[in-house]
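The next block holds one structure in the form of structure tokens; read it before the comments.
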Amino acid sequence: MRVGKSWRAQAMVAGSVIGFLVLLAPARSSAQDIEAVAHRKGITVPEAYYQRMQEDPTAYEFERALFRRAGGASASGEVRIPVILGLFVDSDADPHITREMVEASLFKGPAERGTITESYLEMSRGALTVSGDVIGWVRTGLTMSEVVGSDSALGPDARVGEWIVDMLNQADADVDFRQYDNDGPDGQPNSGDDDGYVDVITVEFLEVAASCGGPAIWPHRWTISAQTGSPFQTNDIGANGLPILVHDYITQSAADCSGTKVQDAGVIAHEFGHALGLPDYYHWVDRELGPEGRRWVLGCWALMAAGSWGCGPVGSTREPYGPAHMIGHSKGTLGWVNYLDIGEVWNEEIFLGPAQTDGNVLRIPLDPGGLEHPPTEFLFAEFRAQIGFDHALPATGVLLYKQDSSASLRPDPATNEPYYLTMLEQDGNRGLLKTTPEGGNRGEAGDAWGVNGLVGKLNGETNPSLRLHNGDWPPVMVHEVSVQDGLARLVVSTGQTPRLVERPETVEVMQIRSFAVPVRIAGGHGPYTGVGTLPQGFSFENIGDELFLIGSLQEAGENSYSIAVRDRLGNPSPTVTLTVNATGDWVIASTDLIEGFLDPENDPLTDGERVYLDQTGNNNNRFDVGDLRKWLRAQGPQERH
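Structural data, given as structure tokens:
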């Protein structure tokens with residue numbers, strides 16, 4: 001009996017679909033995780049790796065195992081990964097890590113940090129089951145030194161391709177490789193709509209990996225044909241009448257860095273993201289600096305950035321981390337989240353539950369697009385809680401990030417060109433867009449919004465800014481973002497024309513003292529200009545999403561003002577009424593009167609107070625010592641309430 005037939009009964013789920021898988025060839029993720037693994041383990045990458053990358057920038061990348069959803073269907077059903085355990089001639093006769101241990105670590109559990117099956121079930125909210133079949137151990141005819149060569153299997157004398165072909169030749173008689181070609185839209189393997197290639201294969205060895213300082217292969221992904229000249233041809237004839245081929249592979253040790261325990265699923269979870277068509281969201285800026293020369297872009301908040309490596313500063317080694325969840329944009333690509341389209345709103349309150357469980361992500365077009373092209377820039381908001389595979393995130397909070405479809409995944413670092421996805425870090429320090437020497441990091445609590453009770457805002461004038469690629473203010477603004485009672489709360493405007501949010505209450509101010517009363521601007525294209533007939537000495541000032549009425553009232557009582565705004569495009573807002581009530585007598589401390597003469601840069605008096613003191617003093621259009629003397633003689637020192 002062919003082993004593949006019994007596996008089929010165990011692994012295939014009746015009626016399961018994988019209709020999202022359609023070959024996207026031959027796009028590449030254009031980055032590799034070899035250096036990241038090295039950094040995580042505190043090991044130096046062999047120079048031969050960099051030489052090969054210079055000669056062939058496409059080295060150590062998948063060629064065919066990239067998939068994309070078809071017809072708007074979600075990435076659902078079951079995907080099976082064949083995992084072959086390979087021994088060298090000189091490997092231990094009795095492997096201390098068994099097939100059952102690998103199967104438990106990757107797929108069936110229990111596993112201390114979770115399996116790839118559990119990770120993808122959680123990320124997809126039950127939509128996608130990543131299962132696998134573990135084959136072996138298969139002993140090959142090559143020694144470890146023959147396979148590894150002089151540069152940890154990353155140099156020109158490595159024979160990894162031959163080693164994989166050797167074990168495939170031995171396994172071919174018992175494995176039905178047709179069951180692993182399932183990238184067609186109907187969700188059925190080898191049904192005639194697949195491409196004739198095994199989607200992706202994982203090959204594991206027993207010894208400690210070179211990335212841990214061990215003697216064996218450096219973990220990587222690549223293609224068999226890049227090393228042997230052609231894909232491996234199996235004995236299984238596909239629905240197209242041709243032999244099924246094996247091309248793209250992932251290889252890693254079955255053991256952890258101690259060599260005593262089975263490897264966890266973190267690296268495989270990240271690599272499988274590439275098999276689903278997702279790119280890396282980090283950027284090597286200076287390879288001479290090693291991992292410290294990397295911008296992490298989305299950091300440990302995203303599986304396809306640092307979500308399998310760690311958070312915080314880039315140190316020599318770190319505790320195991322992840323696999324964290326994918327960012328909402330990646331989940332949206334796979335159909336695992338619901339994009340909330342709020343349309344045109346003004347000062348709208350929105351609540352989001354944890355994206356990991358609720359699956360809701362707010363996506364707002366920042367530019368209107370047009371008849372000839374859709375919007376190209378978007379704002380995303382998702383609430384990430386420290387739960388499940390995200391339990392080790394730096395904080396529970398709201399992630400705000402921007403998509404610029406016209407931008408590159410890896411723009412020229414010498415320019416200020418934006419990234420395709422950019423995290424809008426709440427603390428504004430742009431740590432995810434800096435290398436280590438520049439003060440960068442892989443993710444920290446300050447990236448998220450609403451942490452520790454903070455209430456933030458985001459518009460065209462804040463830091464970070466919500467401005468468009470061309471520098472213009474969009475009509476989109478986030479007036480408030482916070483975390484309340486386990487939910488994210490956002491107050492958002494997207495309207496193309498401006499409105500003022502009328503304040504229903506009367507604003508209480510102190511008589512004489514200058515006041516600056518804010519009124520929220522909702523929608524429109526900033527910056528804005530205040531409109532209205534004001535008393536002498538009054539003025540407007542626009543700061544971000546607020547229009548300030550600035551003035552001073554010398555008489556007690558209520559005063560009402562009709563105000564409006566006009567945006568950058570000339571769009572006016574409706575007029576609203578703002579009522580200000582000057583209450584009580586003005587009281588001033590003598591120390592405040594004197595402070596401005598002693599330290600003019602820290603004068604506590606307002607403009608309204610200076611005007612009043614001058615008018616009741618010598619009336620020479622400035623507050624001076626003569627005004628001070630007259631006030632003190634007439635009033636005597638008093639304390640401000």
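Residue numbers (the working numbering): 1 to 641. A virtual CB, placed ideally from N, CA and C, is assigned to each residue, including glycine.
Status (buried if at least 16 other CB within 10 Å, exposed otherwise) for residue i
i      : result
Ser406 : exposed
Leu598 : exposed
Pro46  : buried
Leu85  : buried
His283 : buried
Gly241 : exposed
Leu23  : At Leu23 the pLDDT is 32, less than 50, meaning the model places this residue with poor confidence and gives no usable figure here.
Asn459 : buried
Ser174 : Note that residue 174 is Asp in the sequence shown here, rather than Ser. Per the 10 Å Cβ criterion, exposed.
Glu505 : exposed
Ala75  : buried
Asn416 : exposed
Asn621 : exposed
Gly293 : buried
Thr583 : exposed
Asn452 : exposed
Rounded Cβ spacing between residue i and residue j (contact assumed at less than 8 Å)
i      : j      : result
Gln511 : Ala556 : 5 Å
Glu669 : Gly446 : This structure does not reach residue 669, given that the chain is present from 1 up to 641, and the question cannot be answered.
Ser644 : His270 : Missing from the structure shown is residue 644; the chain here goes from 1 to 641 and no further.
Leu613 : Phe623 : 5 Å
Asp181 : Gly132 : Actually they are not in contact, since the Cβ atoms of Asp181 and Gly132 sit about 15 Å apart, beyond 8 Å.
Asn581 : Val507 : 7 Å
Ala255 : Ile97  : 6 Å
Gly187 : Gly77  : 5 Å
Ala48  : Leu154 : 5 Å
Residues near residue i by beta carbon distance below 6 Å, same chain, minus five either side
i      : result
Glu382 : Gly328, Ala355, Val361, Leu399
Phe538 : Gly551
Ala440 : The identity of residue 440 in the sequence shown is Gly, whereas the question assumes Ala. Excluding residues within five positions, the ones whose Cβ falls inside 6 Å are Gly431, Lys434.
Gly428 : Asn463, Pro464
Tyr120 : Leu128, Val130
Met101 : Val262
Ser573 : Pro498, Arg499, Leu500, Ala564, Val565
8 Å Cβ shell around residue i - same chain, five flanking residues per side excluded
i      : result
Leu245 : Gly196, Tyr197, Val198, Pro231, Phe232, Gln233, Thr234
Ser253 : Glu204, Phe205, Leu206, Glu207, Val208, Ala209, Cys212, Gly214, Ala216, Ile217, Pro219, Gln263
Lys630 : Thr616, Gly617, Asn618
Val148 : Ala158, Ala210, Pro215, Ala216, Ile217
Pro418 : Lys402, Asp404, Ala407, Pro411, His469
Val455 : Glu480, Val481, Ser482
Asp627 : Leu613, Asp614, Thr616, Gly617, Asn618
Beta-carbon spacing of residue i, residue j below 8 Å
i      : j      : result
Thr462 : Pro475 : no
His247 : Arg520 : no
Arg113 : Gly312 : no
Asp545 : His479 : yes
Glu372 : Arg513 : no
Asp404 : Thr376 : yes
Pro498 : Ala522 : yes
Leu409 : Pro291 : no
Leu547 : Val509 : no
Leu106 : Val138 : no
Leu490 : Met477 : no
Val165 : Ile81  : no
Asp390 : Ala324 : yes
Gly443 : Ala306 : yes
Pro368 : Phe378 : no
Met304 : Tyr321 : no
Neighbourhood of residue i by C-beta distance below 7 Å, restricted to the same chain and skipping five residues each side
i      : result
Glu146 : Arg159
Ala634 : none
Ala171 : Ile84, Ile135, Val138
Stretch-stretch touch, CB-based, cutoff 8 Å, three pairs: the region 154-170 with the region 222-238: yes
Between the region 354-366 and the region 327-339, are three or more C-beta pairs nearer than 8 Å? yes
Quick check: the region 524-537 against the region 559-578, are at least 3 beta-carbon pairs closer than 8 Å? yes
Across the region 377-396 and the region 284-304, are there enough close Cβ pairs to call them in contact, namely three or more that are closer than 8 Å? yes
Does the region 340-351 touch the region 105-122, meaning 3 or more C-beta pairs lie closer than 8 Å? no
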